[in-house]
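Each remark here refers to the structure printed beneath this line.
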Amino acid sequence: MTKVRTRFAPSPTGYMHIGNLRTALYEYLVAKKEEDGVFILRIEDTDQGRLVEGATDIIYETLKQCGLNHDEGPDIGGNYGPYVQSERMQSGVYKDYAWKLIELGGAHVCFCGEEVIEEQREIASAKNTSFKFDDPCKKLSKEEVEARVNAGEKYVIRQSIKEEGTTSFTDEVYGTITVDNITLDEQVLLKSDGFPTYNFANVIDDHMMDITHVVRGNEYLSSTPKYNLIYESFGWNIPTYIHCPPVMKDEQHKLSKRNGDASFQDLLSKGYLSEAILNYIALLGWAPETEQEIYTMDELKQAFNVKRIGTSGAIFDIEKLKWMNAVYLRNKDFNEYYDLVLPYISEAVKNDSYDKKEIAKILQPRVTILSEIHDMIDFFDTYPTYSNDFYINKKMKTDPEIALRSLIETKKLVESLTNWSQENIHDSLMNLVVEMGIKNGQLLYPVRIALSGKEFTPGGAIEIAYILGKEETLHRLDLSIAQLS
RNA sequence: GGCUCGUUGGUGAAGCGGCUUAACACAGCGCCCUUUCACGGCGUCAUUCACGGGUUCGAAUCCCGUACGAGUCACCA
């Protein structure tokens, strides 16, 4: 059995999209499932018009952040280089192969301008029949073609497809697909600027790089027979195809760059972890055999199986990603989590006298995405103005009147406290509850409101008081007592 | 319009002819735990698998048709 070789072949046209990233993930997994599988990065930049500066760096950066490390690629080399199509072109390979394909009867030279095609299209639509370009250049003699090419006339090379028969192929996901050759379009292989089209470069490169498994979106399903015809003309081995269903924004629309839908970079900047994103998208369109949902990359390599990729589009559900992100955050070892979260805490809480570690602790079971941290803990720094209505809570059986009594007693207690430990604060307050003959919530709920000025907070009264320190606790208690009086 | 593909709950999905009066997870709802919110625990949420026929003792699972959706038909990838 030959080594499995897969390739991720993006165009450098901007941010990395979720669907794209998922394709990269699947390609990586298909290769890495095997001991000696090879994952390759190839840059497809044959469309000079759409190139975006810096886009290639985003691709490198993203793969790195995701741990989808490639074994061969433009930045690290390999035995099948170059790995950028515009560089490959320099040797004239695509042109040579295109001409060779002509000799083999799989292609022909075409001098038609857009007008000729347009004209035929109009006639077809006028007659209400389906359009298929019937290239008059196919009838040109070899001599005439040579003469015109030599004379410097602009030309393209189009694929030649016979009208009879059918072409079938088997996709690992979608099964066997058969089409009538007559419906196949004689696509351009080599553009007039000398660049190959994606369709052609792809076939040539995949063959030259010994790619064994082609993983791509199902939008290529209908052009795959055309590629296979090229492989057949050359007498090359056809790779194993793995077409993936699209990642959708909603039932009708794919997730796309054009609509400004969230990219991988956007998600990162909103505070999603790359591991969580990857884990989540692995499950979009692929179902594991077991009920496990949280996977490390190694586990994913083990569990991944092309046969369990689905066939229908999957809607990207940010809610589930949020949940998964929270799971990752919660399950992290505290120190690792702390490193991750510290910048966000420091940004929200500038006051250095507060113990950031304690803040991180109360946050860990509650954070979902990092960017939400700010609003959760900014009350430590800036005591907000709040409404006395916050003191009304039916379940806790508190109202402003009870609150005022509790706060006054708490203040007296706090003033007398000498040992400012969480344990001591807890025990003293609990004693006070007993002394006052009220319920826990009637004391602790108002105190928490008084200290935070917020209805909901990470952590309860005791934790917050502990972090604020005795002085600030008394200060806030005073302010709240004044407000309630 | 032609061709190709798809259709299980709000979402991701399992199921591949009887074990299914359709798993699991997210979201929702309710309860418990509890000093708020979370975390954790428990329960509930499709009598039904787009629809209509057929095959079969038996169908979400096989076949045919219809509807709806997507992709493709570029010198884009």
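The numbering used here applies: residue 5 is where the first sequence begins, and numbers increase by one.
Heads up, the beta-carbon is just placed ideally off N, CA and C, and yes, glycines get one too.
Since the model is a prediction, treat every value here as computed from it, not as a measurement.
(1) Specify the secondary structure class of phenylalanine 199 as computed by DSSP and reduced to three states.
(2) Among Leu287, Asn222, Val192 and Met328, which one has its Cα closest to the Cα of isoleucine 234?
(3) Could you spell out the range, first to last residue, of the alpha helix (DSSP H) harbouring isoleucine 246?
(4) Under a Cβ-count criterion, where at least 16 other Cβ atoms within 10 Å of its own Cβ denotes burial, should glutamate 257 be classed as buried or exposed?
(5) State the start and end residues of the unbroken beta strand (DSSP E) segment that holds isoleucine 181.
(6) Compare the C-alpha of glutamate 405 against each of Leu447, Thr372, Asn335 and Glu148 and name the closest.
(7) Given 8 Å as the limit, is there contact between the segment 162–174 and the segment 224–233, that is, 3 or more CB pairs closer than that?
(8) Do the segment 67–85 and the segment 42–50 touch if we need at least three Cβ pairs shorter than 8 Å?
(9) So for threonine 10, helix, strand or coil by DSSP?
(10) Using three-state DSSP, classify alanine 291 as helix, strand or coil.
(11) Can you give me the C-alpha to C-alpha distance between phenylalanine 135 and glutamine 124, rounded to a whole angstrom?
(12) Using DSSP with H/G/I as helix, E/B as strand and the rest coil, what is cysteine 2?
(13) DSSP three-state label for phenylalanine 238, please.
(14) Thinking just about the alpha-carbon of each residue, which of Arg162, Cys114, Ala128 and Thr171 is nearest to the one in glutamate 148?
(15) Going by other Cβ atoms of all chains shown within 10 Å of its Cβ, with 16 needed for buried, is aspartate 4 buried or exposed?
(16) With the cut-off set at 7 Å, would you say isoleucine 246 and valine 207 are in Cβ contact?
(17) Whole alpha helix (DSSP H) runs in the segment 403–484 with 4 or more residues, listed along the chain?
(18) Please report the distance separating the alpha-carbon of phenylalanine 332 from that of lysine 326.
(19) Using only CA atoms, which one of Leu33, Gly463, Lys274 and Leu455 lies nearest to threonine 414?
(20) Looking at the secondary structure, which residues open and close the beta strand (DSSP E) in which histidine 217 lies?
(21) Return the chain-ordered list of same chain residues with a C-beta closer than 6 Å to the C-beta of methionine 380, the five sequence neighbours on each side being excluded.
(22) Taking the alpha-carbon positions, what's the aspartate 385 to asparagine 283 distance?
(23) Where does aspartate 321 sit, in a helix, a strand or coil, going by DSSP?
(24) Consult DSSP for phenylalanine 137 and reduce its assignment to one of helix, strand or coil.
(25) Please confirm if the segment 282–301 is in contact with the segment 6–19, defined as three or more CB-CB distances below 8 Å between the two stretches.
(26) Where does glycine 77 sit, in a helix, a strand or coil, going by DSSP?
(27) Here's the rule: buried if 16 or more other CB atoms are within 10 angstroms of the residue's CB, otherwise exposed. What is lysine 361?
(28) What are the boundary residues of the beta strand (DSSP E) that includes phenylalanine 173?
(29) Using CA coordinates, which residue listed in Ala407, Pro229, Glu176 and Thr180 is at the minimum distance from isoleucine 186?
(30) Quick check: the Cα distance between tyrosine 355 and leucine 346, rounded to an integer number of angstroms?
(31) Can you give me the C-alpha to C-alpha distance between methionine 440 and isoleucine 412, rounded to a whole angstrom?
(32) In the structure shown, what three-state DSSP assignment does lysine 88 receive?
(33) Tell me, which residues are paired with threonine 258 by DSSP?
(34) Span of the beta strand (DSSP E) holding valine 160?
(35) Counting C-beta neighbours from all protein chains within 10 Å, is the total for proline 369 16 or more, i.e. buried, or is it exposed?
(36) Do glycine 317 and tyrosine 390 have their C-beta atoms within less than 7 Å of each other?
Short version:
(1) coil
(2) Val192
(3) No alpha helix (DSSP H) holds isoleucine 246; the beta strand (DSSP E) holding it covers 244–248.
(4) The amino acid at residue 257 is misidentified as glutamate; the sequence shows histidine. So histidine 257 ends up on the exposed side.
(5) 179–184
(6) Leu447
(7) yes
(8) yes
(9) strand
(10) coil
(11) 8 Å
(12) With the chain represented from 5 up to 489, any question about residue 2 goes unanswered, as that position is not in the structure.
(13) helix
(14) Cys114
(15) The structure shown has nothing for residue 4, since the chain only spans 5 to 489.
(16) no
(17) 404–420, 426–440 and 444–456
(18) The residue asked about is misnamed: residue 332 is tyrosine in this sequence, not phenylalanine. Cα to Cα, the separation comes out at about 10 Å.
(19) Leu455
(20) 217–221
(21) Pro462
(22) 35 Å
(23) coil
(24) coil
(25) no
(26) strand
(27) exposed
(28) 170–175
(29) Pro229
(30) Inspection of the sequence shows that residue 355 is occupied by asparagine rather than by tyrosine. Taking the straight line joining both Cα atoms gives about 13 Å.
(31) 12 Å
(32) Strictly speaking, residue 88 in this sequence is valine, with lysine absent from that position. If DSSP states are grouped into helix, strand and coil, valine 88 belongs with the strands.
(33) The residue you asked about is not threonine; residue 258 is lysine in the sequence shown. DSSP lists Met252 as partners of lysine 258.
(34) 160–163
(35) exposed
(36) no
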